[in-house]
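Student:
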Amino acid sequence: MGKHHATHHAPSVEVDEKTMQFLTKFMNTATKEKLTETFEGHITDHMADLIVDQRLFGGLKQLDDILEKKIMRKKHFEAFQDVALQWAVEHKPKEKRETA
Numbered sequence: 019m020g021k022h023h024a025t026h027h028a029p030s031v032e033v034d035e036k037t038m039q040f041l042t043k044f045m046n047t048a049t050k051e052k053l054t055e056t057f058e059g060h061i062t063d064h065m066a067d068l069i070v071d072q073r074l075f076g077g078l079k080q081l082d083d084i085l086e087k088k089i090m091r092k093k094h095f096e097a098f099q100d101v102a103l104q105w106a107v108e109h110k111p112k113e114k115r116e117t118a
């Protein structure tokens, strides 16, 4: 059994489930270039390769998989997580309003 990290850094940005799904989908579909460009300074070419390679095994199920799959070390992941969540909040599709 793998170790489960019980002491995850609490992200500084609170997001809802749809925002998290949007971010996870982006991580699973963006090109290597798009990943490194979007999160410049936080995702290296090597990390982007590992994220893209993970798609062969079903992709990332949640953002924490980046840490669990050892794509990033914990301290780096904590900084990346805050940046990624903030990006997702700013870029997620707007909710469609129901018109009755």
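With the sequence shown counted from 1, adding 18 to any position gets you our numbering. All C-beta atoms in this analysis are idealised placements derived from N, C-alpha and C, irrespective of residue type, glycine included.
Can you give me the start and stop residues for the alpha helix (DSSP H) that Asp63 sits inside?
Tutor: Here residue 63 refers to the residue found at position 45 when the sequence shown is read from its first residue. Asp63 -> alpha helix (DSSP H) spans 63 to 72.
Student: Could you tell me if Ala97 is buried or exposed, where buried requires 16 or more neighbouring beta carbons within 10 angstroms of its beta carbon?
Tutor: To locate residue 97, count along the sequence shown from 1; it is residue 79. That one is exposed.
Student: With a 10 Å radius around its C-beta and 16 neighbouring C-beta atoms as the bar for buried, classify Phe95 as buried or exposed.
Tutor: What you label residue 95 is simply residue 77 of the sequence shown in a count that begins at 1. Buried, because 16 or more other Cβ atoms sit within 10 Å of the Cβ of Phe95.
Student: Grab the span of the alpha helix (DSSP H) containing Asp82 for me, first residue to last.
Tutor: Here the question's residue 82 lines up with position 64 in the sequence shown. Neither: Asp82 is in no alpha helix (DSSP H) and is coded neither H nor E.
Student: Could you work out which residue in Thr49, Lys43, Glu35 is closest to Gly76 when comparing CA atoms only?
Tutor: Locating residue 76 in the sequence shown gives position 58, where the first residue counts as 1. Closest by alpha carbon: Lys43.
Student: What three-state label does DSSP hand Glu108 in the structure shown?
Tutor: Taking the sequence shown and counting its residues from 1, one reaches residue 108 at position 90. Here Glu108 sits in helix by DSSP.
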